[in-house]
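>
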């Protein structure tokens, strides 16, 4: 273990002690020795959580957006039920309940009473999800989305890191604290099954469960990323998302390309022209002013710090075509290159600037069956990431106006938007939480916590912020370099997940 892992401030004989009163939260309690917590959580991971996640990977519990027959297939119901069974088998005082609303995906709700007389009004709330992204192509020959494999301390397969581990880690945290008689607040949890679809069912469950969640003082979201596997990373912001399908139709049926090309414009070329209205193909800069936002000074400063920590790994972590960047990052002629090699600029580009990706298409035959035919229609699946403070509805409207206005060649051009999601920018961090995070990271990793925005979207964060505006947030996770969430060869870094569990346990113990 690195220096400081066995205790606090680099000394195994210096466990953390919270005997002060900060922000009105009484913190008097016996000292906690993180080495004891680490021993308990490590054993829990090795003996129970990893085997449970191996079984979980095998279940194709795809989110409803990728499985229209999810209810009939029963995979989401299965993973929720099996998680509930495991939770109940832990023998903990509390409730573990599957909550279902007709027609919506199920949730797992748990409620664990406070210890040492701390009261039940104020709560620490855990969040996670059990639904998964679809298979994706390109998996290594010996790997697969539903074929778990442990190699070099990593569990490969879809969903263990995003986000199946969350519910098991949350219970391990509470169990370890209780086993050491460490006083803790009441802990509740909401584990959903439609996050990968944008959490459309979650508002209904929040309204239903809000009276039972209590006064959420600290939200622990275990569904985010980490810049490296060497310290605790705290997510400061999440981009929003506007998704939808751009469709271009120019003919009622396909025709011989030799007969029609030169007269009939290609539907794909029309789609390119229309996309040029919102995205500069030369630079990747999004052209719509409604999709941009000013970057707060605090977030810029945090990006500077994160860039200094991560350096070129911000961009070398990705599987570029050509030579390995890890071996020759300065050899720019040897391999594909990113839009920027400046670490700070790269961090801001993926966290506070909009960016368009085309993630799917329809109307195209496969290459081996593509004849000389001018296709009548092109459809593109668009994924527009937007800055954390940009309203998703306003961004959707701006995209629709730009894409559909004055269609070239009077083609039929439509943009059918999916459910948009506004991003999230963390509220100011309370002094007690900042101190607890740094101390927890030093104890578990031997280094202070680091702060960074994430380019992904977790609609739940914005939703809960509206429900509980006074809550503090600890959003963190295990999706670090090369973990490749949503893509092929996705993995969970088991060692990091263990240390993250220990660090979060220390923060929960500090919350009163």
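Residue numbers (this note's numbering): 20 to 531. By construction, the Cβ of each residue, glycine as well, lies at the ideal position given by its N, Cα and C atoms.
Ordered along the chain, which non-local residues of its own chain (more than five positions away) have a Cβ less than 8 Å from that of residue 457?
Once the five neighbours on either side are set aside, the close Cβ partners of residue 457 are 467 and 468.
> Please check the pair residue 442 and residue 256, which I expect to be a contact at CB under 8 Å, by giving their CB distance rounded to whole angstroms.
That pair is a contact at about 7 Å.
> How far does the alpha helix (DSSP H) with residue 526 in it reach, from first residue to last?
Element bounds for residue 526: 513–529.
> Does any residue of chain D have a CB that is nearer than 8 Å to the CB of residue 97?
You won't find chain D in this structure, because it holds only one protein chain.
> Over what stretch of residues does the alpha helix (DSSP H) that includes residue 327 continue unbroken?
Segment 316–329, the alpha helix (DSSP H) holding residue 327.
> When burial is assigned at 16 or more other CB atoms within 10 Å of the CB, is residue 447 buried or exposed?
It counts as exposed.
> Between the Cα of residue 112 and the Cα atoms of 194, 234, 235 and 432, which residue gives the shortest distance?
Selected option, being the one with the closest Cα: 194.
> Please work out which residues of its chain come closer than 6 Å, Cβ to Cβ, to residue 478, disregarding the five sequence neighbours upstream and downstream, and give them in chain order.
Around residue 478: 217, 218 and 440.
> Threshold first: 4 residues or longer. Then list the alpha helix (DSSP H) segments lying entirely within the region 454–514, N to C.
Segments of the alpha helix (DSSP H) lying fully in the region 454–514: 478–486.
> Given this structure, state the Cα-to-Cα distance separating residue 506 from residue 283, to the nearest angstrom.
Approximately 37 Å between the Cα atoms of the pair.
> Decide if the region 497–505 is in contact with the region 520–527; the criterion is three or more beta carbon pairs, one per stretch, under 8 Å apart.
Flag = no, the region 497–505 and the region 520–527 do not touch.
> In the DSSP assignment, find the unbroken beta strand (DSSP E) run with residue 145 in it and report its ends.
Element bounds for residue 145: 141–148.
> How many whole angstroms separate the CB atoms of residue 381 and residue 398, which I take to be in contact at a CB cut-off of 8 Å?
Correct: roughly 4 Å between the Cβ atoms.
> Figure out for me which residue from 502, 490 and 464 has the closest Cα to the Cα of residue 57.
When each option's Cα is compared against that of residue 57, the closest is 464.
> Do residue 303 and residue 370 have their CB atoms nearer than 8 Å?
Result no, Cβ atoms of residue 303 and residue 370 do not sit closer than 8 Å.
> Any chance you could list the alpha helix (DSSP H) runs of at least 4 consecutive residues sitting entirely within the region 213–301, in chain order?
If we require 4 residues or more, the alpha helix (DSSP H) runs fully inside the region 213–301 come out as 221–232, 276–279 and 286–294.
> Do you know how far the Cα of residue 248 is from the Cα of residue 512?
Roughly 8 Å separates the two Cα atoms.
> Decide if residue 386 is buried, meaning its Cβ has at least 16 other Cβ atoms within 10 Å, or exposed.
Label assigned to residue 386: exposed.
> Note the first and the last residue of the continuous alpha helix (DSSP H) segment covering residue 88.
Element bounds for residue 88: n/a, residue is neither H nor E.
> For the structure I just gave you, are there three or more beta carbon pairs, one from the region 228–242 and one from the region 398–408, closer than 8 Å?
No: the two stretches stay apart, fewer than three of their Cβ pairs being nearer than 8 Å.
> By DSSP, does residue 190 sit in helix, in strand, or in coil?
Helix at residue 190.
> Give the DSSP-derived three-state secondary structure of residue 334 in the structure shown.
Residue state, collapsed to three classes: helix.
> Starting from residue 104, trace the alpha helix (DSSP H) in both directions and tell me its first and last residue.
That run of the alpha helix (DSSP H) goes 94–107.
> Output yes or no for whether 8 Å exceeds the beta carbon distance between residue 493 and residue 414.
No; because the gap between Cβ atoms is not below 8 Å, this pair is not in contact.
> Do residue 236 and residue 491 have their C-beta atoms within less than 8 Å of each other?
Yes.
> Count the other CB atoms within 10 Å of the CB of residue 481; is the residue buried (16 or more) or exposed (fewer)?
Residue 481 comes out buried.
> To the nearest angstrom, how far is the alpha carbon of residue 97 from that of residue 126?
Cα-Cα distance, rounded: 12 Å.
> Start and end of the alpha helix (DSSP H) containing residue 54?
Run containing residue 54: 53–63, per the alpha helix (DSSP H) assignment.
> Between residue 64 and residue 149, what straight-line distance do the alpha-carbon atoms span, to the nearest angstrom?
Residue 64 and residue 149: Cα-Cα distance of roughly 18 Å.
> Given that a residue counts as buried once 16 or more other Cβ atoms are within 10 Å of its Cβ, and exposed if not, what is residue 275?
So residue 275 ends up on the exposed side.
> Got a sec? Which residues, its chain only, sit under 8 Å from residue 60 by beta carbon, not counting five neighbours each side?
191, 192, 195, 517, 520, 521 and 524, listed in sequence order.
> Would a C-beta distance cut-off of 8 Å place residue 105 and residue 508 closer than the cut-off?
The answer is no: Cβ separation not under 8 Å.
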